[in-house]
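Read top to bottom, the protein sequences are chains A and B. Position in the first sequence (first residue = 1) + 261 = this note's numbering. Position in the second sequence (first residue = 1) + 261 = this note's numbering. We treat Cβ as the ideally placed atom computed from N, Cα and C, and that holds for glycine. Input: a single structure, listed below in structure tokens.
Number of protein chains: 2
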Amino acid sequence: MRIGGHSVWLKCECLQTGGAFKLRGATNRLLQLNQAERAQGVVAFSSGNHAQGVAIAARRLGIAATIVMPSDAPALKIAGTRAEGAAIVFYERLSEDRSAIAARIAEATGATVVPSFDDPHIVAGQGTVGLEIIDQLGRSPQRIVVPCGGGGLAAGIALACPDAELVIVEPAGWDDMKRSLDGGAIVAVAADAPPTLCDALQTPLVSPITFDVLAARGVTAVTVNEAETEAAVRWAWRDQALVVEPGGAVALAALLAGTIDPAPDTVVVLSGGNIDSALHHRIVGGG
Amino acid sequence: MRIGGHSVWLKCECLQTGGAFKLRGATNRLLQLNQAERAQGVVAFSSGNHAQGVAIAARRLGIAATIVMPSDAPALKIAGTRAEGAAIVFYERLSEDRSAIAARIAEATGATVVPSFDDPHIVAGQGTVGLEIIDQLGRSPQRIVVPCGGGGLAAGIALACPDAELVIVEPAGWDDMKRSLDGGAIVAVAADAPPTLCDALQTPLVSPITFDVLAARGVTAVTVNEAETEAAVRWAWRDQALVVEPGGAVALAALLAGTIDPAPDTVVVLSGGNIDSALHHRIVGGG
Chain A
262 MRIGGHSVWL KCECLQTGGA FKLRGATNRL LQLNQAERAQ GVVAFSSGNH AQGVAIAARR
322 LGIAATIVMP SDAPALKIAG TRAEGAAIVF YERLSEDRSA IAARIAEATG ATVVPSFDDP
382 HIVAGQGTVG LEIIDQLGRS PQRIVVPCGG GGLAAGIALA CPDAELVIVE PAGWDDMKRS
442 LDGGAIVAVA ADAPPTLCDA LQTPLVSPIT FDVLAARGVT AVTVNEAETE AAVRWAWRDQ
502 ALVVEPGGAV ALAALLAGTI DPAPDTVVVL SGGNIDSALH HRIVGGG
Chain B
262 MRIGGHSVWL KCECLQTGGA FKLRGATNRL LQLNQAERAQ GVVAFSSGNH AQGVAIAARR
322 LGIAATIVMP SDAPALKIAG TRAEGAAIVF YERLSEDRSA IAARIAEATG ATVVPSFDDP
382 HIVAGQGTVG LEIIDQLGRS PQRIVVPCGG GGLAAGIALA CPDAELVIVE PAGWDDMKRS
442 LDGGAIVAVA ADAPPTLCDA LQTPLVSPIT FDVLAARGVT AVTVNEAETE AAVRWAWRDQ
502 ALVVEPGGAV ALAALLAGTI DPAPDTVVVL SGGNIDSALH HRIVGGG
């Protein structure tokens, strides 16, 4: 596609099986389990994309999966996870600790916890997005722009694409990776972080694994606001025939808003497309 | 994707450059021109997808293009054609003969007419969809279901995929290929054919080239109504994160409506995604 007179490439993980890149890391993590571990199942917590990724990978490998999801997760992501045969346990996003719930389930059942980004095998699996970018272009691009929640995708791409400049994009107020990188140490999202449509990027705290990779790389980090994200969702739909969820559209939003210069040879990752139809209909009808 | 418990593959030409498969045939046809012919330019008539395909192929090859388009063509297709640098001449769909207009332009300028389907090089170019289906699956599917207007895409796939059963789908009332195949001779669309959202499939008369290929192959032909087509556009958006135009969605519509059994190993071609945003917003908001 073209932005501001420059050619920009879209890596469309919104078209991936499960509607996001998450199947990659989940598959790689589950493949590390031995037979005894496989027999005891896996448990994961996620607002939806990682949930579906783990559920699909588990079904394919014949492993039982339990997913801890926030009660306000998009209905499409809940339905998609359930359709893959996973058991779902709901929690309240604002009052309950999802990792503690997952840990309790793991303790009670012997299941292995599959984190959404704080795991080297997960990061390596997400990095296959970067390997594919190089394979599909036939070369390394000059720049890759990536949505960032916990940083698993960004860190994986950083490792897979050593010759590209990496730019990460977060929603305003949820820019804990940016502030962590700026300050040289991990800081959490503020308690009064604003609501955002980017449910996939509402990660309260990044992990040392992803932070260290991105800090060592010297990535650039920027933010986009909700209106810019909605404009990107609308643009992808109208001009590119793609349905992208808000959290999957923030990298595109930063380019369309002019926050990132489209001049260098750039690949933009559209990291997910799982959006409730009513919300998508509302967003594309606006503006 | 899964329909009725069966896995079905989507060949997403809605994601093709130009938003439809048409670039394939146009490129192959223009590559046949010698230097003298290239210098005199090309002229084509089309409601939009072929227009954009010819315009893009011509720009890439440095050939001047004039496109004869109906005045009621989707605004997105008109804008897309113009953005590729082509000159546009409008005609009235119900009162003027677009092929005569194109012939006059060709006579006056020496330009070569690039038909949208009545040409062996066009058919061969569209057939690369079939070659890619086999390449991407790693085998021939049992069945391929294809939208049919003039039959260029269907005939091309028929030639490229000799081991697959071929099913063509037309909008109700615009089923001239089906009636031609049933009767063993080409018949035109009835003068009182109903309005349809499938502008890409509003071909008044198929050609001997495409008819002969499909008749010799013994294809199955079915129709879908407007409500079934709209339901398919909605389903592709909600469940597959894809924007598909009505004419590009008729093959999918036939499967979703139960007109075609999804049980055999089936590939469905989504042939185009160029739909005005207001119409798409209206369709996906209904039902």
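Can the beta-carbon of D437 (chain A) be found less than 8 Å from the beta-carbon of V448 (chain A)?
yes
Min CB distance W498 (chain A) to chain B below 8 Å
yes
Alpha-carbon spacing of A446 (chain A) relative to A361 (chain A), whole angstroms
24 Å
Pick helix, strand or coil for F472 (chain A), following the three-state DSSP scheme.
helix
DSSP three-state call for L245 (chain B): helix, strand or coil?
Shown here, chain B extends from 262 to 548; a query on residue 245 (chain B) therefore has no answer.
Report the residue from B:F306, B:L284, B:F472, B:I339 whose alpha carbon sits nearest the alpha carbon of I383 (chain B).
B:L284
Touch check for the region 272 to 279 of chain B and the region 330 to 346 of chain A: three-plus C-beta pairs under 8 Å?
no
What number of angstroms, rounded off, separates the C-alpha of L420 (chain B) from the C-alpha of I395 (chain B)?
12 Å
Give the interface partners of H267 (chain A) over in chain B, defined as CB-CB distance under 7 Å, in chain order.
Neighbours of H267 (chain A) on chain B: none; closest Cβ ~15 Å, over 7 Å.
Given a cut-off of 8 Å, decide if T457 (chain A) and P432 (chain A) are closer than it, judged by their beta-carbon atoms.
yes
Please report the straight-line C-alpha distance between R224 (chain B) and S268 (chain B), rounded to a whole angstrom.
Outside the shown range of chain B (262 to 548) lies residue 224 (chain B), about which nothing can therefore be said.
Cα-Cα separation between I366 (chain B) and Y352 (chain B), rounded to whole angstroms:
13 Å
When we look at the beta-carbon of P423 (chain B) and count the other beta-carbons within 10 Å, is it buried (16 or more) or exposed?
exposed
Between B:V494, B:G417, B:L294, B:G509, which has its C-alpha nearest G371 (chain B)'s C-alpha?
B:L294
Hey, is G508 (chain A)'s beta-carbon within less than 8 Å of any beta-carbon in chain B?
no
So for R320 (chain B), helix, strand or coil by DSSP?
helix
Span separating the alpha-carbon of P455 (chain B) from that of G444 (chain B):
21 Å
Three CB pairs or more closer than 8 Å across the region 524 to 536 of chain B and the region 300 to 311 of chain A:
no
What residue range does the beta strand (DSSP E) around S268 (chain B) cover?
267 to 273
Measure the C-alpha to C-alpha separation of L442 (chain B) and H541 (chain A) and round it to an integer number of angstroms.
42 Å
Flag H311 (chain A) as yes if its beta-carbon sits less than 8 Å from any beta-carbon of chain B, otherwise no.
no
Can you grab the Cα-Cα spacing for the pair S468 (chain A) / G323 (chain A), in whole Å?
29 Å
Between A:A325, A:V407, A:A502, A:R495, which has its C-alpha nearest G280 (chain B)'s C-alpha?
A:A502
Taking C-beta to C-beta, are F306 (chain B) and R343 (chain B) nearer than 8 Å?
no
According to DSSP, P331 (chain B) sits in a beta bridge with which residue or residues?
B:Y352
By the 7 Å beta-carbon criterion, what residues does the region 418 to 443 of chain B contribute toward chain A?
none
Per-residue burial, S332 (chain B) [other beta carbons within 10 Å of its own, 16 or more giving buried]:
exposed
For a contact meaning CB atoms closer than 7 Å, what does C275 (chain B) contact in chain A?
A502
Could you pull the DSSP bridge partners for T481 (chain A) from this structure?
A:V428
Taking all protein chains shown into account, decide if Q313 (chain A) is buried (16 or more other Cβ within 10 angstroms of its Cβ) or exposed.
buried
Output, in sequence order along the chain, the residues in the region 519 to 547 of chain A whose CB is closer than 7 Å to any CB in chain B.
G534, S538, H542, V545, G546
Let's test the definition: count the other Cβ atoms within 10 Å of the Cβ of G388 (chain B) and tell me whether it reaches 16, buried, or not, exposed.
buried
Within 10 Å of its beta-carbon, does S308 (chain B) have 16 or more other beta-carbons around it, so buried, or fewer, so exposed?
buried
In whole angstroms, what is the alpha-carbon distance linking L392 (chain A) and I418 (chain A)?
8 Å
Would you tell me roughly how many angstroms separate the C-alpha atoms of L291 (chain A) and P376 (chain A), rounded to the nearest one?
11 Å
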